[in-house]
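Each remark here refers to the structure printed beneath this line.
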Amino acid sequence: MFQVRFHGRGGQGVVTAAELLAEAAFSEGRHAQAFPSFGSERMGAPVMSFCRIDDRPIRTHEPVTEPDALIIQDPTLLHQAELLAGLGREGYLLINSARSFDELGLDEFVTGYHRDRLLVVPASALALTHLGRPLPGAPLLGGFAALTGMVGLDSVVAAINGKFSGPVADGNAEAARAAFDFVADERKALTDA
Amino acid sequence: MLKQIEGSRAVAEAVAMCRPEVICAYPITPQTHIVEALSAMVKKGDLNAEFLNVESEFAALSVAIGASATGARAYTATASQGLLYMSEAVYNAAGLGLPIVMTVANRAIGAPINIWNDHSDAMSQRDAGWLQLYAETNQEALDLHIQAFKIAELLSVPVMVCMDGFLLTHASERADIPDPGQVDAFLPRYDPRQVLDPAEPVSIGAMVGPEAFTEVRYLAYERMQRALQVIPAIAAEFDAEFGRSSGGLVRPYRTDDAEIVVIALGSVLGTVKDTVDELRASGLPVGALGITTYRPFPAQAIREAINGANYQLVVLERALAPGTGGIVTADLRLALAGRHDLDIFTVVAGLGGRAVTSKSLRALLIKAAADELEPFTFLDLDTGLVEAELARMHATRRSGPTPENILRDLGITASRIG
Chain A
1 MFQVRFHGRG
11 GQGVVTAAEL
21 LAEAAFSEGR
31 HAQAFPSFGS
41 ERMGAPVMSF
51 CRIDDRPIRT
61 HEPVTEPDAL
71 IIQDPTLLHQ
81 AELLAGLGRE
91 GYLLINSARS
101 FDELGLDEFV
111 TGYHRDRLLV
121 VPASALALTH
131 LGRPLPGAPL
141 LGGFAALTGM
151 VGLDSVVAAI
161 NGKFSGPVAD
171 GNAEAARAAF
181 DFVADERKAL
191 TDA
Chain B
1001 MLKQIEGSRA
1011 VAEAVAMCRP
1021 EVICAYPITP
1031 QTHIVEALSA
1041 MVKKGDLNAE
1051 FLNVESEFAA
1061 LSVAIGASAT
1071 GARAYTATAS
1081 QGLLYMSEAV
1091 YNAAGLGLPI
1101 VMTVANRAIG
1111 APINIWNDHS
1121 DAMSQRDAGW
1131 LQLYAETNQE
1141 ALDLHIQAFK
1151 IAELLSVPVM
1161 VCMDGFLLTH
1171 ASERADIPDP
1181 GQVDAFLPRY
1191 DPRQVLDPAE
1201 PVSIGAMVGP
1211 EAFTEVRYLA
1221 YERMQRALQV
1231 IPAIAAEFDA
1241 EFGRSSGGLV
1251 RPYRTDDAEI
1261 VVIALGSVLG
1271 TVKDTVDELR
1281 ASGLPVGALG
1291 ITTYRPFPAQ
1301 AIREAINGAN
1311 YQLVVLERAL
1321 APGTGGIVTA
1331 DLRLALAGRH
1341 DLDIFTVVAG
1351 LGGRAVTSKS
1361 LRALLIKAAA
1371 DELEPFTFLD
1381 LDTGLVEAEL
1391 ARMHATRRSG
1401 PTPENILRDL
1411 GITASRIG
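The listed protein sequences derive, respectively, from chains A and B. First residue of the first sequence? That's 1 in the numbering used here, and the numbers climb one at a time after it. First residue of the second sequence? That's 1001 in the numbering used here, and the numbers climb one at a time after it.
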């Protein structure tokens, strides 16, 4: 089982992102489960969501405390002590930011992990370019596909097209593709280095 | 057809396929997505039903009662305080023998106000005369609704389908959505036993005095006993039509050679089963027994499932009965009266959204195996918080409101895992 935890703020599409990831995994014939953290749903408040992916039915309904991957939709949450809690040494981390881990104050944190599994991607900026709104969910999923290979980019795009339509679907899909390419290039650079 | 779908949405699709003629609802978290989806189907013309926005939960069920009495298939949904607010009508629907189906998206009851999941709401109405079915998964939630209409209408008894709020209602999971034609074949048109019809006028709801009240109540008891035969029969029919095992009375899991059996209702059973498998792998003989039908209480089926000797039974209570402790435990003790070889443990768990984790369950069952479990415990109780508040109350008379004191101790923030 592969477990993902999303952190963001109310209104950023944190729950939608987890649902889209589940949909993408489902379309590849896998079992998936997505659910929100059930907090008070206020605009701007810290929000979590979870997604599990497995080859067999998923029975548990407990929250994800030991994620295989963390997706941080809003880097202003990084000061929270528990934000990165439970990420194992083999884990993946994707942060929506235009800054480096050094600039984010995570230079110490990233040591000890597989360096090519931890990346930042300017998801809000990519969304602004392609969608016209700084909603980072779709590009982060594109980046997640490139980072982990857990789902294919085509499945992510198909899930986006299933949820949205017209220019919103097109913009989100474009942003996801751009983020996929960005992360793929970054990983290649890290692997070659 | 297989779909990746939110639990509420899956239930709405199942209810729509049952062709309810009247749907009335008053929104309350975490039930709202179900009736939202149904209202959208009615508005779009995909579902031919009267959808009534009412002014309260009391009105929601009262409208369902009126509709059902005229021979319409009626549906509503609620949770928590909403269920309490309609409580008088809950008893009336059962007393009148009207086969309404209602989803209860299980949620705690205040105060303190809490929107999260436990079973306090449905448990508070357990003896109102409704059947209560508890879903373990979203698939079972949608399947149970289809079965519920059939059971309700066969017996002329209302049915509550209980599904854990958020854990199921808001979870997107894989579900097999049946073909509408299959549901039509399984669920015949509603043929009411009693109906308000101007062509053949009758009154429903007569006042009944001491001369006959006991007999009317006895017949309610008898109907419940009959339900114990009907529920598994309908589950078998459902299996034959849809090729899936859903519903029924109880569900044993690896109980055959078990020495410790966890007994629970609802979605926590998934986490319990994972824990059972883990502990089995390490050699601990653990099993689980899911209670799908809680009312009527399936005493005989439980006796048959608990057929070995010297079991330790660990009952997970998702509601607290202050002053006695465990609600399910009390029923279980009655069902197993005379079985002096059994040790029964009550564990209050998962109140107000506190996550029941496999980690905590594992520790609990290892403790039980070592004969170290107390007869009555709270899972993951933060004793430090409790002690601090008790100390405050001891130190001064004007110690203030307990919930606020405890939140202050916690320095609570909005982001919490589990």
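All C-beta atoms in this analysis are idealised placements derived from N, C-alpha and C, irrespective of residue type, glycine included. Since the model is a prediction, treat every value here as computed from it, not as a measurement.
With the criterion set as a beta carbon lying under 7 Å from some beta carbon of chain A, the members of the segment 1161-1183 of chain B are 1166, 1167, 1170, 1171, 1172, 1173 and 1174, in sequence order. Its Cα nearest to that of residue 1379 (chain B), the residue B:1360 stands out among B:1360, B:1391, B:1366 and B:1371. When the Cα atoms are used, residue 1248 (chain B) and residue 1408 (chain B) turn out to be separated by approximately 46 Å. Its chain contains 1133, 1134, 1247, 1248, 1249, 1250 and 1251 as the residues whose beta carbon lies nearer than 7 Å to that of residue 1292 (chain B), once the 5 sequence neighbours on both sides are disregarded; these appear in chain order. Neighbours of residue 1383 (chain B) in chain A, taken as residues at a C-beta separation under 7 Å, are lacking, since the least C-beta distance is about 21 Å. For residue 1145 (chain B), the uninterrupted alpha helix (DSSP H) run begins and ends at 1138-1155, by DSSP.
DSSP places residue 52 (chain A) in the uninterrupted beta strand (DSSP E) bounded by 46-54. Listed by position along chain A, the residues whose Cβ is nearer than 9 Å to that of residue 1044 (chain B) form an empty set, because the closest Cβ is around 16 Å away.
Cα atoms of residue 126 (chain A) and residue 143 (chain A): separation of roughly 11 Å, rounded to the nearest angstrom. Among the bridge pairs identified by DSSP, residue 1078 (chain B) is matched with B:1104. A distance below 8 Å between beta-carbons, with the five flanking residues on each side excluded, links residue 1385 (chain B) to the following residues of its chain, in chain order: 1406, 1409 and 1410. Under the Cβ distance rule, residue 31 (chain A) counts among the residues neighbouring chain B, one pair being separated by less than 9 Å. Looking at the DSSP output, residue 1003 (chain B) bridges to B:1175. Using a Cβ-Cβ cut-off of 9 Å, residue 26 (chain A) counts as an interface residue toward chain B, since at least one Cβ of chain B sits closer than that to its own.
Chain A has a Cβ within less than 9 Å of the Cβ of residue 1006 (chain B). At a Cβ-Cβ threshold of 9 Å, residue 1147 (chain B) and residue 1231 (chain B) count as neighbours. In the displayed model, residue 31 (chain A) falls within a strand according to three-state DSSP.
The alpha-carbon separation between residue 1154 (chain B) and residue 1227 (chain B) amounts to approximately 9 Å.
The beta carbon of residue 1274 (chain B) falls within 9 Å of a beta carbon belonging to chain A, placing the residue at that interface. By DSSP's assignment, residue 1163 (chain B) forms a beta bridge with B:1105. Counting C-beta pairs with one atom in each stretch, the segment 1110-1121 of chain B and the segment 1183-1195 of chain B have fewer than three that are closer than 8 Å, which means they do not touch. Annotation: Cβ neighbours of residue 36 (chain A) in chain B (cutoff 8 Å, chain order): 1166 and 1170. The Cβ of residue 1032 (chain B) sits no closer than 9 Å to any Cβ of chain A. Non-local beta-carbon contacts of residue 1186 (chain B) in its own chain, meaning distances under 6 Å to residues more than five positions away in sequence, involve 1241 in chain order. Around the beta-carbon of residue 74 (chain A), 16 or more other beta-carbon atoms lie within 10 Å, marking it buried. For residue 1356 (chain B), the chain A residues whose C-beta falls within less than 7 Å of its own C-beta are 62, listed in chain order.
Taking the Cα positions, residue 1245 (chain B) is about 21 Å away from residue 55 (chain A). In chain order, 1004 and 1172 make up the part of chain B whose C-beta sits under 7 Å from the C-beta of residue 22 (chain A).
Chain-ordered, the chain A residues with CB closer than 8 Å to the CB of residue 1267 (chain B) read 61. Remark: C-beta atoms of residue 1085 (chain B) and residue 1056 (chain B) approach each other more closely than 9 Å. For residue 90 (chain A), none of the residues of chain B pass the 8 Å Cβ criterion, the least Cβ distance being about 20 Å.
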